[in-house]
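Visitor: What follows is a structure written as structure tokens; I'll ask about it next.
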Amino acid sequence: MEHLKQHLHLALAGLITLAALAVVGYGLWRGVAETAPATSDLLTPAALDLLATPLPTPTPQPTAAPPETIIIYITGAVTRPDVYEVPKNARLKDAVLAAGGLTDEADSERINMAARIKDEQHIHIPRMGEAATTSPAAPGAQTAPGVAPADGRLNINQATRSELEELPGIGERLAERIVDTRTSNGPFTSLEQVAEIEGISEALIDSIRPLVVVE
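Here the sequence shown is numbered in our numbering, starting from 32 and rising by one per residue.
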């Protein structure tokens, strides 16, 4: 019996000790919690503003649009006659380069490499001595833009400014006005439209009429 009482006293003493330790630990925790600075006290106003500012939404980058193209068919005095896809604002030179360049037979003096081309156009590059007309072997073909007619007349809608300057009475200033008008309003449909340009008279048109053609 005495032995059992000793065990009870020891157990009670252990419980009292644990309770005392718990009380002391709680008191220490409360003291630390009350004296510890708040998180906001550790940050500067600028840092607090940064935390309060929402992150910007990433701006989606625009996708580059594919360049517009046109389809042309080129035949005649080129290395590889075929159908080609070229940029929308391509010139005759671009079409010729796509086809591998001119052959030795090409009549390059009758070709305006700077002339614009259009979608679905069938371009025929003339050979030496070949008339600048549609060939029966190539139905639907069009003479390359800028090609001079077989009779040597100048195409008023495709001639360059330097070519226009060589016409009698035209000169540099009038040639520039012809090109500017053609670029702004589209191709001429008659020489009478050319006569409406400032500085060009009916008499001047009559003098160059045998030398030019409107095509």
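Every residue gets a Cβ at the ideal spot worked out from N, C-alpha and C, and that includes glycine.
Can you tell me whether L145 is helix, strand or coil according to DSSP?
Guide: In the sequence under discussion, the amino acid at residue 145 is Ala, which differs from the Leu named in the question. Looking at A145 - three-state DSSP - the assignment turns out to be coil, as it is neither helix nor strand.
Visitor: If T134 and T110 are in contact, beta carbons under 8 Å, what's the gap, nearest whole angstrom?
Guide: So it is a contact: roughly 6 Å between Cβ atoms.
Visitor: Quick check on P253: buried or exposed, where buried means 16 or more other Cβ atoms within 10 Å of its Cβ?
Guide: Because the chain is modelled from 32 through 246, residue 253 falls outside the range shown and cannot be assessed.
Visitor: Taking the DSSP output, what are the residues bridged to L185?
Guide: V243.
Visitor: If I measure Cβ to Cβ from A206 and keep anything under 7 Å in the same chain, skipping five residues before and after, which residues do I get?
Guide: Result list for A206: R192, L195 and E196, in chain order.
Visitor: Go through its chain and collect everything with a Cβ distance to I102's Cβ below 7 Å, but skip five positions before and after it.
Guide: Excluding positions up to five away in sequence, the list reads V114, E116, D150 and E151.
Visitor: If we ignore side chains and look at the alpha-carbon of each, how far apart do A179 and G132 end up?
Guide: Confidence is the limiting factor: at A179 the pLDDT is only 49, short of 50, which leaves the residue's position unreliable, though a coordinate-based value still follows. Between A179 and G132, the C-alpha separation is close to 19 Å.
Visitor: Is T110 helix, strand or coil when you go by DSSP?
Guide: Three-state result, T110: coil.
Visitor: Which of the three DSSP states is assigned to P170 in this structure?
Guide: With a pLDDT of only 36 at P170, under the threshold of 50, the placement of this residue in the model should not be trusted, and no figure is reported.
Visitor: At which residues does the beta strand (DSSP E) containing I156 begin and terminate?
Guide: Element bounds for I156: H153 to I156.
Visitor: Our contact map puts R122 next to A146 with C-beta atoms below 8 Å; I'd like the distance itself, whole angstroms only.
Guide: So it is a contact: roughly 6 Å between Cβ atoms.
Visitor: Can you give me the C-alpha to C-alpha distance between N186 and T90, rounded to a whole angstrom?
Guide: Cα-Cα distance, rounded: 53 Å.
Visitor: Quick check on this structure: which residue in A130, P157, Q189 and E140 has the alpha carbon closest to the alpha carbon of P214?
Guide: It is worth fixing the name first, because residue 214 is Thr in this sequence and not Pro. Cα-wise, what sits closest to T214 is Q189.
Visitor: Which residues in the same chain as R204 place their Cβ atom closer than 8 Å to its Cβ, once the five residues preceding and following it in sequence are excluded?
Guide: Within the same chain, R204 has close Cβ partners G230.
Visitor: Count the other C-beta atoms from every protein chain shown that fall within 10 angstroms of the C-beta of N143, then say buried if there are 16 or more, exposed otherwise.
Guide: With 16 or more Cβ atoms within 10 Å of its Cβ, N143 is classed as buried.
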